[in-house]
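First residue of the sequence shown: 12, per this note's numbering; consecutive thereafter. All residues carry an ideal CB built from backbone N, CA and C; glycine is no exception.
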Amino acid sequence: FGAVAIRERRPVWIEDFSQFEGDSTGRIGRLSRFGITSGCVFPVFVGGEIAGFLEFFSTTKRERDEDLFNSINSVAGQLARLIERGRASDQLVALNAELESRVIARTAALEAANSELNAFSYTIAHDMRGPVRAINGFSEIVLTLNEGKLDATSVAHLHRVVAGSRHMGRLIDDLLNLARLSRQPLRRHD
């Protein structure tokens, strides 16, 4: 009965179970013992695979009723669509969960990379501070001690070195301040 519906991929209506009375071990034989005399089975296929059955039985002999048959077949089709939607919804939930876990993992990796970059920036800026101060200090000493002895071009070059080293010192200080700020937790202000 159900096997025929699956094999032939169509609903099956049996008007009289008495034709199967000799098969007391089969399903129809067992149903007959409960006074069931006719019935129908509608396979519900989702994605080409059997998802279940809709079965209807009667204790009185019933001929195939096309209106009832079509109504039940429509219900089976709607049930198949609901099952399909449920499966699609489950897949969507699973995909969203996977996406969320990927976002969390990538956010953690990005935060770790940013932390390493901040530490690197702080270290580089801190290590550059000393040499830039030395360039500035020695240039100012040479300029102060030898300004009268140097030609105008050499003095201009030394002024540019001093100005450049001061500018570089401010940039390094700004980098250090940025590195310090980026280590602070974000606070939201309205």
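Cβ contact annotation for residue 73 (same chain, cutoff 7 Å, sequence separation greater than five): 26 and 49, in chain order.
Runs of the beta strand (DSSP E) lying entirely within the region 12-54, each at least 3 residues long, are 23-25 in chain order.
Contact check for residue 28 against residue 51 fails: the beta carbons are separated by 9 Å or more.
Annotation: the continuous beta strand (DSSP E) that includes residue 65 extends over 60-69. Using a 10 angstroms sphere on the CB of residue 176, the tally of other CB atoms reaches 16 or more, which defines it as buried.
In the DSSP assignment, residue 89 falls within the alpha helix (DSSP H) that extends over 77-157. Per DSSP, the unbroken alpha helix (DSSP H) holding residue 194 starts and ends at 163-194.
By the Cβ-count criterion, residue 188 is exposed, with fewer than 16 other Cβ atoms from all chains shown falling within 10 Å of its own Cβ. In terms of Cα proximity to residue 18, the closest of 61, 44 and 30 is 61. Contact check between the region 77-88 and the region 98-106: fewer than three CB pairs, one atom from each, fall below 8 Å, which does not count as touching.
Around the C-beta of residue 197, fewer than 16 other C-beta atoms lie within 10 Å, and the residue is accordingly described as exposed.
Taking C-beta atoms as the reference points, residue 154 and residue 170 count as a pair closer than 9 Å.
Sorting 54, 146, 42 and 134 by C-alpha distance to the C-alpha of residue 174 places 146 at the top.
Closest in C-alpha terms to residue 191, from the list 129, 140 and 180, comes 129.
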